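Protein sequences, first through last, are from chains C and Y.
Mapped onto our numbering, the consecutive letters of the first sequence carry residue numbers 42 to 317.
Mapped onto our numbering, the consecutive letters of the second sequence carry residue numbers 895 to 1194.
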Amino acid sequence: MIKLISIEWHKLRYHRFFWIGMVSFVLLLSALLVSFGSFQIFGSGAEADPNDPSMLAIPANLADAGFYTLPFVWQNTSYLAGFFKFIPAFLMLFFMASEFEYRTMRQNVIDGRSVGEFFFSNIFSLLLCAFFCILTVAITTSALIYSYNDLAETDFWYQSSFIVAFFAEVFFILSLAFFLGILLKKSALAIILLVLYYFVVEPVLGFYVGSPISDYLPTRPSRNLIPEPFTRLFKINSFLNIESLDSISIKNLLVSFFYSIILLFGSFMVLKKRDL
Amino acid sequence: MQIVLEIDGISKRYGKVQALKPYKLQIPKGTTFGILGPNGSGKTTTLGIILGILSSDSGGFTWFDGQSVNSAKKRIGALLETPNFYPYMTAYQNLKLVAKIKELQNPNIDAVLKTVNLHERAHHKFKGYSLGMKQRLAIAASLLGEPEVLLLDEPTNGLDPTGIAEVRDLITRIAANGTTVIIASHILAEVEKVCSHVAVLQNGSLLYSGLADELSAKDAVIAVASADMQALEIAIKDLSSLKKLRPMDGHLHLSFSEDMSPSKLNQLLAEQGIYLSYIEEKKASLEERFLKILTRDKAN
Chain C
42 MIKLISIEWH
52 KLRYHRFFWI
62 GMVSFVLLLS
72 ALLVSFGSFQ
82 IFGSGAEADP
92 NDPSMLAIPA
102 NLADAGFYTL
112 PFVWQNTSYL
122 AGFFKFIPAF
132 LMLFFMASEF
142 EYRTMRQNVI
152 DGRSVGEFFF
162 SNIFSLLLCA
172 FFCILTVAIT
182 TSALIYSYND
192 LAETDFWYQS
202 SFIVAFFAEV
212 FFILSLAFFL
222 GILLKKSALA
232 IILLVLYYFV
242 VEPVLGFYVG
252 SPISDYLPTR
262 PSRNLIPEPF
272 TRLFKINSFL
282 NIESLDSISI
292 KNLLVSFFYS
302 IILLFGSFMV
312 LKKRDL
Chain Y
895 MQIVLEIDGI
905 SKRYGKVQAL
915 KPYKLQIPKG
925 TTFGILGPNG
935 SGKTTTLGII
945 LGILSSDSGG
955 FTWFDGQSVN
965 SAKKRIGALL
975 ETPNFYPYMT
985 AYQNLKLVAK
995 IKELQNPNID
1005 AVLKTVNLHE
1015 RAHHKFKGYS
1025 LGMKQRLAIA
1035 ASLLGEPEVL
1045 LLDEPTNGLD
1055 PTGIAEVRDL
1065 ITRIAANGTT
1075 VIIASHILAE
1085 VEKVCSHVAV
1095 LQNGSLLYSG
1105 LADELSAKDA
1115 VIAVASADMQ
1125 ALEIAIKDLS
1135 SLKKLRPMDG
1145 HLHLSFSEDM
1155 SPSKLNQLLA
1165 EQGIYLSYIE
1175 EKKASLEERF
1185 LKILTRDKAN
């Protein structure tokens, strides 16, 4: 186990492209999370009209609207961070595909590793990548919570389960990238297919098959894990009479993990069956 | 005689092409074993199978005393086709990774880099290397940990004449230390100069395996000449064991179906009053022999 990690770490530590990517991920994401609160809201400054219940007070910016306020903050930050998950996913995909482009996995096996050892040590990279993402969101969110909330009044961890949902979301997209990188062996092709599938094929397919089947398409549970937070934030739901989720759906969480495991198992089978 | 590797009926088919037909081969310990064959003859397929990167359709193979392939490979230094390294790492970092995979306690990284003359470029990134440097780094990697078996596929690929001579010299030195060396190559000179044993592959079939000396000793040709060539030819045609007679460069090249030494032939001819002005035993070089094996196989 320690041997596997030590070999994998040796591969990762000198990979400048990987670290440049991860550092820009951290910087971009934390910068966005910190500055998002100062974004102006369209039509801000309107006062609530006591005679007309449909006229709501519109706060000046998102921070005033409660973007950084407990318990909403966990959902808000993990939702936004979801848009950045493609950076680590592409890095993961590059990392895996290059093992085939440069035939280094083949050399690893010639030098005495089994396919299983190769696979499990790469799972370490995947998990490391996922924890890196979680840590970025958790640390930035904590900092925001400390600066915008009175912790004597509210519970720090209240509704922090969204971070688990974010982990599942990242874990899924990394598994998908991992699988495509191994299956296609060409990073450019794999990235195109990943983007095409995620943003075109599956949404169109989902539209045709309709609910509830569309809810079980591979990427759907991970997308639905963290509901869009703005209707809840602006309390639009209260007068539109829809119920916003304030916790994650266990069903989506399980289905998402299930798909991730299937993808990783599929990667293992591809490696096992393939002549190097 | 200890056997390092025993191949027992491995074969490989790619779609309609039978890349390798089942064959048996034993590689004794301490030998320098050449696997000869033109491109596409199944050399690399054989090596891929015995290193566990290709699956065999039939049969099996045994390394050392039936050790599992993965632990056996830690005792083998292998260079297969192209050199494969992580482009973003330096030569030193790449070799360190190989040493980790092979579980070497005190890897002789500096020493092997020195052996292949790369020590001055040890801390340069692999992606900046020339083809020859890459090949030399691959040879260095195969020497890590002083393996019991060295397995080299076309080791002089991409090297300049000096590099080729150096590698040949290196192989001879390593073999002299008792390391079993297996070389696959389509270049006969490479094998002929260093190998004690040879196996010849073509179109996926094993055509010959045995001592390199035996391979070249078979079918020796005796070249003769005398003042009266016509009389000589008549006398020789009377010999019952004559197999083939071919005039060439003013000599007659003879081959016989049974053992015939130059002295015996000289004696037989002298008895008939024919005195030779020239006699030479020409042992077929490995190259001639090799071409002969290949053409014989094509004729069948």
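We treat Cβ as the ideally placed atom computed from N, Cα and C, and that holds for glycine.
This structure is a prediction, so every number in the text was calculated from the model and none was measured.
Under 8 Å between beta-carbons, which chain C residues line up against residue i? List them in chain order, please.
{"i": "residue 1099 of chain Y", "result": "Neighbours of residue 1099 of chain Y on chain C: none; closest Cβ ~21 Å, over 8 Å."}
{"i": "residue 949 of chain Y", "result": "316"}
{"i": "residue 995 of chain Y", "result": "48, 149, 152, 153, 154"}
In chain C, what lies closer than 9 Å to residue i by C-beta?
{"i": "residue 968 of chain Y", "result": "152, 153"}
{"i": "residue 1186 of chain Y", "result": "None at all; the shortest Cβ gap to chain C is about 34 Å."}
{"i": "residue 964 of chain Y", "result": "150, 153, 154, 155, 158"}
To which residues of the same chain is residue i closer than 6 Å at the C-beta, ignoring the five residues directly before and after it?
{"i": "residue 222 of chain C", "result": "134, 137, 138, 231"}
{"i": "residue 1061 of chain Y", "result": "1049, 1050"}
{"i": "residue 927 of chain Y", "result": "921, 1076, 1091"}
{"i": "residue 405 of chain C", "result": "Since the first residue of chain C shown is 42 and the last is 317, residue 405 of chain C is not available in this structure."}
{"i": "residue 1126 of chain Y", "result": "1120, 1168"}
So which residues of chain Y does residue i contact, with C-beta pairs closer than 9 Å?
{"i": "residue 52 of chain C", "result": "980, 983, 991"}
To the nearest whole angstrom, what separates the beta carbons of residue i and residue j, a pair I think is in contact under 8 Å?
{"i": "residue 929 of chain Y", "j": "residue 1093 of chain Y", "result": "5 Å"}
{"i": "residue 220 of chain C", "j": "residue 307 of chain C", "result": "6 Å"}
{"i": "residue 985 of chain Y", "j": "residue 955 of chain Y", "result": "Incorrect: roughly 32 Å between the Cβ atoms, too far for contact."}
{"i": "residue 1108 of chain Y", "j": "residue 1074 of chain Y", "result": "Incorrect: roughly 19 Å between the Cβ atoms, too far for contact."}
{"i": "residue 1098 of chain Y", "j": "residue 936 of chain Y", "result": "4 Å"}
{"i": "residue 150 of chain C", "j": "residue 161 of chain C", "result": "Contact flag wrong, Cβ pair sits at about 14 Å."}
{"i": "residue 115 of chain C", "j": "residue 233 of chain C", "result": "Contact doesn't hold; Cβ gap of about 34 Å is too wide."}
{"i": "residue 178 of chain C", "j": "residue 119 of chain C", "result": "6 Å"}
{"i": "residue 1069 of chain Y", "j": "residue 1088 of chain Y", "result": "7 Å"}
With DSSP collapsed to three states, give me the class of residue i.
{"i": "residue 908 of chain Y", "result": "strand"}
{"i": "residue 916 of chain Y", "result": "strand"}
{"i": "residue 1092 of chain Y", "result": "strand"}
{"i": "residue 115 of chain C", "result": "helix"}
{"i": "residue 1156 of chain Y", "result": "helix"}
{"i": "residue 937 of chain Y", "result": "helix"}
{"i": "residue 1150 of chain Y", "result": "strand"}
{"i": "residue 310 of chain C", "result": "helix"}
{"i": "residue 1071 of chain Y", "result": "coil"}
{"i": "residue 950 of chain Y", "result": "coil"}
{"i": "residue 244 of chain C", "result": "helix"}
{"i": "residue 79 of chain C", "result": "coil"}
{"i": "residue 326 of chain C", "result": "There is no way to answer for residue 326 of chain C, as the model of chain C reaches only from 42 to 317."}
{"i": "residue 929 of chain Y", "result": "strand"}
{"i": "residue 198 of chain C", "result": "coil"}
{"i": "residue 902 of chain Y", "result": "strand"}
{"i": "residue 1165 of chain Y", "result": "helix"}
{"i": "residue 1170 of chain Y", "result": "strand"}
{"i": "residue 181 of chain C", "result": "helix"}
{"i": "residue 1066 of chain Y", "result": "helix"}
{"i": "residue 999 of chain Y", "result": "coil"}
{"i": "residue 1028 of chain Y", "result": "helix"}
{"i": "residue 289 of chain C", "result": "coil"}
{"i": "residue 1107 of chain Y", "result": "helix"}
Give me, in chain order, the residues of the same chain whose beta-carbon lies closer than 8 Å to that of residue i; leave out the 5 immediate sequence neighbours on both sides.
{"i": "residue 111 of chain C", "result": "186, 190, 195, 196, 197, 199, 200"}
{"i": "residue 1038 of chain Y", "result": "971, 989, 992, 993, 996, 998, 1001, 1002, 1003, 1006"}
{"i": "residue 980 of chain Y", "result": "987, 988, 991, 1020"}
Can you list the residues of chain C that residue i reaches, using a CB-CB cut of under 7 Å?
{"i": "residue 987 of chain Y", "result": "55"}
{"i": "residue 945 of chain Y", "result": "151"}
In the DSSP output, which residue or residues are listed as bridge partners for residue i?
{"i": "residue 922 of chain Y", "result": "Y:897"}
{"i": "residue 1046 of chain Y", "result": "Y:973, Y:1077"}
{"i": "residue 102 of chain C", "result": "C:81"}
{"i": "residue 1140 of chain Y", "result": "Y:1147"}
{"i": "residue 1102 of chain Y", "result": "Y:1094"}
{"i": "residue 267 of chain C", "result": "Residue 267 of chain C pairs with nothing; no bridge assigned."}
{"i": "residue 1175 of chain Y", "result": "Y:1116"}
{"i": "residue 957 of chain Y", "result": "Y:899, Y:961"}
{"i": "residue 1019 of chain Y", "result": "Y:984"}
So residue i contacts chain Y; which residues on that side make the cut at Cβ distance below 8 Å?
{"i": "residue 46 of chain C", "result": "Ordered by position in chain Y, no residue passes the 8 Å Cβ test against residue 46 of chain C, which lies about 11 Å from the chain."}
{"i": "residue 145 of chain C", "result": "978, 979, 980"}
For residue i, go through chain A and note every residue whose CB falls closer than 8 Å to its CB, in chain order.
{"i": "residue 972 of chain Y", "result": "As a matter of chain content, chain A is missing from the structure shown, whose protein chains are C and Y."}
Which residues in the same chain have their Cβ closer than 7 Å to the Cβ of residue i, if we skip the five residues on either side of it in sequence?
{"i": "residue 1121 of chain Y", "result": "1171"}
{"i": "residue 1144 of chain Y", "result": "1119"}
{"i": "residue 911 of chain Y", "result": "none"}
{"i": "residue 918 of chain Y", "result": "901, 902, 903"}
Should residue i be listed as close to the ligand ZN, given that the test is whether its C-beta is under 7 Å from any heavy atom?
{"i": "residue 1164 of chain Y", "result": "Here there are no bound small molecules, and the ligand ZN is not part of this structure."}
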